[in-house]
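Structure first, commentary second.
Protein chains in written order, with full-length UniProt numbering: chain A, 1 to 367; chain B, 1 to 367.
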């Protein structure tokens, strides 16, 4: 598989030999298979082995993928949640080389120790975030999956907006959105759907509760479909009733301007923190600096919050074909707030600039 | 909080000083609060601090719980997914003692290293699975939550059985079960609902797909409600159509007998592996030894697969008030299979023996 070859080329150039990939999204990226608990052993000789606690199943396709091309698959006997079992199997299947690079940001101290004990002839070193680095820039197949995820998400949200909202609970609306995502072909929600109304609106991590939608409320929703493993995100805020209040219009316009500034900053070569600054500055200038979240966006792909982070301390520059969210928001405790989230793909100005995947309108709708 | 005092008593008796609890279910158990990314610092002096990336929210109740009793809550500024930020905050809030016990089975190598670097005056040691050990035996409040979770689960399954099943897809049935769990008051599903029909029936990790229920199928479902954080599990297998085939009756009766033997073995003082053997032996004797899973049951509580494991290699003995599943199954590749899962609480014979929480009938229903 081209992705595994590319990774191998990079890390053998850096002096690496065999590597063990354990982070689930990284295993899926490099094999196409999603198996809880599976790890991927990349041999320096090009022989790769998926060590799996069960026959792999991905999106309804059941494995084994064993002997597909250059990937061997070994189903581990025994309880792989026991690190000693996994480590011993690994040692048996493992490389004859002296150096094994592992994902130290994924392995727990206990698993790392069990691995070292079970394979004493191997010297463990760090693979770092090499696979996450490679996952930053998406290929056409990945972008196609993200576009479908966004289309499903827009459909689900659009249908909800046509229904009657007053009197329904946050929890009920969230369930309905998730059902509609599935109806339109999602594998599942990309993350737990967030619906907040009234004083709960605009809270980023709010868990939908029993509060009912009332006239005059802000209603904020955040949802996304997962399609072939790829996750997108949309966030919108509406007003319930015939007309928004002045403070609602003012707050909405402010967040909208901030979100637009963030979107417009999405160009190849722009520093991550510059994008964050573009979205953050209008909100800080309006006096909301104290209530802002640490970041105003993040990468999306096989995980919903992946690299890059769009935050004041983030280091690095955007590349073309990197999909990210832009999602500033302001929540006023006790009153409510506004969030507007989009998923976009970074594109050069010559290609028309950032590609907006989530196209539901960002006008302030009074529903 | 009594749970924190009990933990502190045990580990100070073992020579421990301060401790850092990072595993989410353990943090929730010891504080009552569920906050993604929060860690709990237990001071040797009885001063405990919840280091949280956001105001804690549990089951719709929004924090801060700060200054509730003996628990302080500090909301961390910055991006707590960055281990260096969390570690530095921790060092600032941390104890003046020399020894800090951490959960090495939860902390990644990178977080552990960042912690050591940010707090060089602390010597890190292992807390082991002390909190998991304490979580094994449930108190009355925990058992009450599990009983409600089981009641919700039985209701949801019962309603599904009254509806027409032929022609509906696995995916649609799974969604409907999850919706019914929520309708009856669940916080959410305890785990992804599993529905398998025909050749997919009896597969433990099957993801519901587009296969439709047909006459003559085995239909197996596995679901559970989460209520106040506590998770239960039920699994049942049905036959679709007027009458089961002979092979279906035979297989069902075999798995039923195995499951009953497992249930009847649930008494205080019985070794975990004896329970597993009771459920496993009838299936092995019938020639299915090769297709069995590593375990035939597990503990439930704040996590769906927690200690104890009921498997051939498990070490330890059951105590009263430990809730576990008993869930043997046989899947015949290409044909389908049978699973029967219950959640029960271990009780002494004098108190009537094991308390069955999931009471949906285990007769072989032809639907």
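C-beta atoms are modelled at their ideal positions from N, C-alpha and C, and glycine is treated no differently.
In this chain, the alpha helix (DSSP H) harbouring residue 27/B covers 24-31. Rounded to whole angstroms, residue 308/B and residue 292/B show a C-alpha spacing of 19 Å. Contacts with chain B at 9 Å (Cβ-Cβ) include residue 108/A. When Cβ-Cβ separations below 9 Å define contact, residue 192/A makes contact with chain B.
Put simply, of 121/A, 300/A, 181/A, 131/A the residue whose alpha carbon is nearest the alpha carbon of residue 40/A is 131/A. For residue 152/B, the three-state secondary structure derived from DSSP is helix. At least one C-beta of chain B is nearer than 9 Å to the C-beta of residue 182/A.
The segment 246-254 of chain B makes no contact with the segment 296-315 of chain B, as fewer than three CB pairs between them are under 8 Å.
Listed in chain order, the non-local C-beta contacts of residue 28/A below 7 Å within the same chain comprise 34, 229, 302, local neighbours out to five positions each way being set aside. In the DSSP assignment, residue 178/A falls outside any beta strand (DSSP E) and within the unbroken alpha helix (DSSP H) covering 170-183.
Within the segment 98-127 of chain A, those residues whose Cβ lies closer than 7 Å to any Cβ of chain B are, in chain order, 104, 105, 106, 107, 108, 109, 110, 112. If only complete runs of 3 or more residues are kept, the segment 308-335 of chain A shows the beta strand (DSSP E) at 323-326, 329-332, in order along the chain. Per DSSP, the beta-bridge partners of residue 194/A are 222/A.
In terms of beta-carbon proximity, residue 328/B stays away from the interface with chain A, with every pair separated by 9 Å or more. The C-alpha of residue 203/A is placed about 39 Å away from the C-alpha of residue 163/B. Annotated three-state conformation of residue 358/A is coil, per DSSP.
A distance below 7 Å between beta-carbons, with the five flanking residues on each side excluded, links residue 294/A to the following residues of its chain, in chain order: 311. With contact defined as three or more Cβ pairs closer than 8 Å, the segment 113-126 of chain B and the segment 317-330 of chain B are not in contact. With 16 or more other CB atoms across the displayed protein chains lying within 10 angstroms of its CB, residue 53/A is buried.
In the three-state reduction of the DSSP assignment, residue 145/B falls in the helix class, which pools H, G and I.
In terms of CA proximity to residue 280/A, 261/A leads the group 206/A, 261/A, 115/A. Neighbourhood of residue 175/B in chain A, by CB distance below 8 Å: 179, 182, in chain order.
Per the coordinates, the alpha-carbon of residue 108/A lies some 41 Å from the alpha-carbon of residue 198/A. At a cut-off of 9 Å between beta carbons, residue 36/A contacts chain B. Of all alpha-carbon atoms in 247/B, 224/B, 213/B, 75/B, the one lying nearest the alpha-carbon of residue 151/B is that of 224/B. Taking 9 Å as the cut-off, the beta carbon of residue 213/B is found no closer than this to the beta carbon of residue 206/B. Residue contact with chain B for residue 205/A: present (Cβ-Cβ distance below 9 Å to some residue of chain B). DSSP places residue 98/A outside any alpha helix (DSSP H), giving it a letter other than H or E. Rounded to whole angstroms, the gap between the alpha carbons of residue 36/A and residue 71/B is 36 Å. Around the Cβ of residue 282/B, a 10 Å sphere holds 16 or more other Cβ atoms; the residue is buried. Under the DSSP assignment, residue 290/B falls outside any beta strand (DSSP E); it carries neither an H nor an E label.
Within the same chain, and ignoring the five residues on either side of residue 241/A in sequence, the residues whose Cβ sits closer than 7 Å to its Cβ are 215, 216, 366. Assignment of beta-bridge partners to residue 306/A by DSSP yields 299/A.
Membership of residue 342/A in the beta strand (DSSP E) is indicated by the continuous run 342-345. In its chain, beyond the 5 residues on either side, 320, 353, 354, 355 have a beta carbon closer than 7 Å to the beta carbon of residue 347/A.
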